[in-house]
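Please read the structure below before turning to the comments.
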Amino acid sequence: MGCKKLFLLKLIMMFLFIGSCKKSRQKVEITSDSFKKQNVSIKEGLVISKENGEFKAYKTKEVIEVDGVGKESIWGNVPWYEMNYKWMGETVDSSDYLGKFKLAWDNKHLYILVEVIDDYLNETLTNGKDNYWKGDYVEVFIDEDKSGGDHKFNHQAFAYHVSTEGHAIDKSTTKETIFLDDNVKVERTRVGSKYLWEMAIKLYDSTFDENSKYNIPVKIFNNKLIGFSIAYGDNDGNNRRENFMGSKKYHGNNNDDGYINSDVFGSILFVEE
Numbered sequence: 010m011g012c013k014k015l016f017l018l019k020l021i022m023m024f025l026f027i028g029s030c031k032k033s034r035q036k037v038e039i040t041s042d043s044f045k046k047q048n049v050s051i052k053e054g055l056v057i058s059k060e061n062g063e064f065k066a067y068k069t070k071e072v073i074e075v076d077g078v079g080k081e082s083i084w085g086n087v088p089w090y091e092m093n094y095k096w097m098g099e100t101v102d103s104s105d106y107l108g109k110f111k112l113a114w115d116n117k118h119l120y121i122l123v124e125v126i127d128d129y130l131n132e133t134l135t136n137g138k139d140n141y142w143k144g145d146y147v148e149v150f151i152d153e154d155k156s157g158g159d160h161k162f163n164h165q166a167f168a169y170h171v172s173t174e175g176h177a178i179d180k181s182t183t184k185e186t187i188f189l190d191d192n193v194k195v196e197r198t199r200v201g202s203k204y205l206w207e208m209a210i211k212l213y214d215s216t217f218d219e220n221s222k223y224n225i226p227v228k229i230f231n232n233k234l235i236g237f238s239i240a241y242g243d244n245d246g247n248n249r250r251e252n253f254m255g256s257k258k259y260h261g262n263n264n265d266d267g268y269i270n271s272d273v274f275g276s277i278l279f280v281e282e
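Here's what the structure looks like:
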């Protein structure tokens, strides 16, 4: 009788061990909320992937100097988000391209810190102003009120092609290629093949007039929601955009609808903590 009890006890312990192993192998989704609750340092290399492209930006308590360094304390206390979903081109090796970004805000600006590993930086305007899309650039998609819709030749939303030369490029209402440099301030630094882009972006609604000097930016506040995506266009010197890597899994038809249709954007929720 004692042997039977011992056998049953061993059998129960074996099943418990197998069950605990299965649980330990389950994938745990890391969110920006769990990141902050666990007080995980960004220096440990944690990068959050958001397939649906829904992000949070955290309010800074200090003035951010846009210098391409990212030295303010907010950057040390918010998570990295991935910018590696393949929108166009072939799958690339991480030594060729690898991208991630962080988000912060105050009442006047959305701040973005982008880190890109790129083994060959091709200047955006190498082939001229109208061929900006053939060079390397960071593209920031903004829909101030997340109302969606067509914005190809209007300002219902913006598709800022932030160039290596420091310009914010988009299309005008007359279908011309224009610089909207007052809307986006950017500085970039480099260490080897690693580039750090730091940006301060003003938000404008659909009444924005590209010919006026008196546009009034929209004030940012806690719990405001905007349409947003971010991507990197990579060209390793072949006179064309070879790869387009973005922040969410799908971005419309052939993953190339962002410059036309703001319905495909992800989002940013502005929060204070």
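Each residue of the sequence shown is one higher than the last, beginning at 10 in the working numbering. For glycine and all other residues, C-beta sits at the position ideal for the given N, C-alpha and C. Bear in mind the structure is a predicted one, so any value in this text is a computation, not a measurement.
Consult DSSP for residue i and reduce its assignment to one of helix, strand or coil.
i	result
residue 94	strand
residue 271	helix
residue 252	strand
residue 143	helix
residue 236	strand
residue 158	coil
residue 262	helix
residue 210	strand
residue 242	strand
residue 277	strand
residue 83	helix
residue 138	helix
residue 189	coil
residue 205	strand
residue 68	strand
residue 282	coil
residue 128	coil
residue 152	strand
residue 224	coil
residue 59	coil
residue 200	strand
What is the C-beta distance between residue i and residue j, in whole angstroms, given that I count them as a contact (C-beta under 8 Å)?
i	j	result
residue 257	residue 94	6 Å
residue 112	residue 168	The Cβ separation is near 18 Å, so there is no contact.
residue 252	residue 266	Not really, about 17 Å apart at Cβ, beyond 8 Å.
residue 131	residue 245	7 Å
residue 189	residue 197	Not a contact, Cβ separation roughly 18 Å.
residue 194	residue 268	Not quite, the Cβ-Cβ distance comes to about 22 Å (not below 8 Å), so this is no contact.
As a quick exercise: from the options, pick the residue whose alpha carbon is nearest that of residue i.
i	options	result
residue 115	226, 269, 255, 274	226
residue 254	239, 248, 262	239
residue 109	246, 81, 271, 203	203
residue 187	195, 157, 218, 201	218
residue 55	91, 70, 79	91
residue 153	233, 201, 86, 88	233
residue 237	64, 57, 69	64
residue 215	157, 128, 261, 241	157
residue 207	146, 185, 182	146
residue 127	274, 134, 77, 103	103
residue 180	72, 141, 230	141
residue 71	96, 57, 107, 120	120
residue 97	68, 281, 262	262
residue 277	107, 229, 264	229
Report buried or exposed for residue i, applying the criterion of at least 16 other Cβ atoms within 10 angstroms of its Cβ.
i	result
residue 100	exposed
residue 117	exposed
residue 249	exposed
residue 199	exposed
residue 271	buried
residue 172	buried
residue 223	exposed
residue 150	buried
residue 279	buried
residue 143	buried
residue 133	buried
residue 148	buried
residue 231	exposed
residue 61	exposed
Just checking residue i against the ligand ADP - is the residue's beta carbon closer than 7 Å to any of the ligand's heavy atoms?
i	result
residue 63	Among the ligands in the structure shown, none appear at all, so the ligand ADP cannot be discussed.
When DSSP builds the beta bridges, which residues end up paired with residue i?
i	result
residue 166	Paired residues: none, contrary to the question.
residue 111	122
residue 171	147, 177
residue 73	The partner list for residue 73 (beta bridge, DSSP) is empty, contrary to what the question assumes.
residue 133	Note: residue 133 sits in no beta bridge, so no partner.
residue 78	Paired residues: none, contrary to the question.
Does any CB atom of chain C fall closer than 8 Å to the CB of residue i?
i	result
residue 123	The displayed structure is made up of one protein chain only, and chain C is not part of it.
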